[in-house]
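So the structure is just underneath, and the comments pick up after that.
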Amino acid sequence: MQTFLRLLGMAMLLLAAVGASAESFVFKDMQGQQQRLQDYRGKWVLVNFWATWCPPCLEEIPDLVKLHEAHKNKDLVVIGVALDSTRESVVEFVAKKKIGYPVVMGDYDLAAQVGEVDALPTSYLYDPTGKLVSYQQGMVTRASVESYVRGKTAK
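FYI, in mature numbering (1 follows the signal peptide of the UniProt record, and there is no 0) the residues of the sequence shown are -22 to -1, 1 to 133.
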């Protein structure tokens, strides 16, 4: 019964999240400049919540770097939201791993703007109109994101 209730809760969360808009998602980049997710209108946007101490997050980052590099000037961007305790640890990590996509410092208040972040990594995918179309708790891959986008773009 507990498993059923947990699955029901996750399904309700997904239904509530999918269909939400990027209009209200506001964050500050590493330089302290305010950004809005709607600033990326016209492109797919993958918002990825992660932390430097999270092994699955560290495993997916190289794929996200490749995804961003392949699409940033065309149709898709990745935004990383670091849920670490210090800005310094994130800045050092981003430089060491040569992460080329925008990384912002986050907290659970920021995460609440898009939905629940109960586990790391967690990713939200917005379509070019700013509509939330997919949610993934756990790792995502370049191939899975590209396949999803291709499938939706072909329609």
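The beta-carbon is built from N, C-alpha and C at its ideal position, and this holds for glycine as well.
Item                                                                                                             : Value
Selected residue, minimal CA-CA separation from K130, among V118, T119, Q115 and L110                            : L110
Beta-carbon separation (whole angstroms), D7 vs T30, contact threshold 8 Å                                       : The pair is not a contact, with the Cβ atoms about 18 Å apart (cut-off 8 Å).
Span separating the alpha-carbon of Y126 from that of L98                                                        : 21 Å
Buried or exposed (CB count within 10 angstroms, at least 16 for buried), N26                                    : buried
DSSP three-state assignment for I100, whether helix, strand or coil                                              : This sequence places Thr at residue 100; Ile is not what is there. DSSP places T100 in strand when its eight states are reduced to three.
Contact the region 39 to 53 vs the region 79 to 87: 3+ CB pairs below 8 Å                                        : yes
Endpoints, the beta strand (DSSP E) within which G58 is located                                                  : L54 to A60
Nonlocal neighbours in the same chain, by C-beta distance under 6 Å from V95, ignoring five residues either side : F27 and A89
Simplified DSSP assignment, three categories, for Q16                                                            : helix
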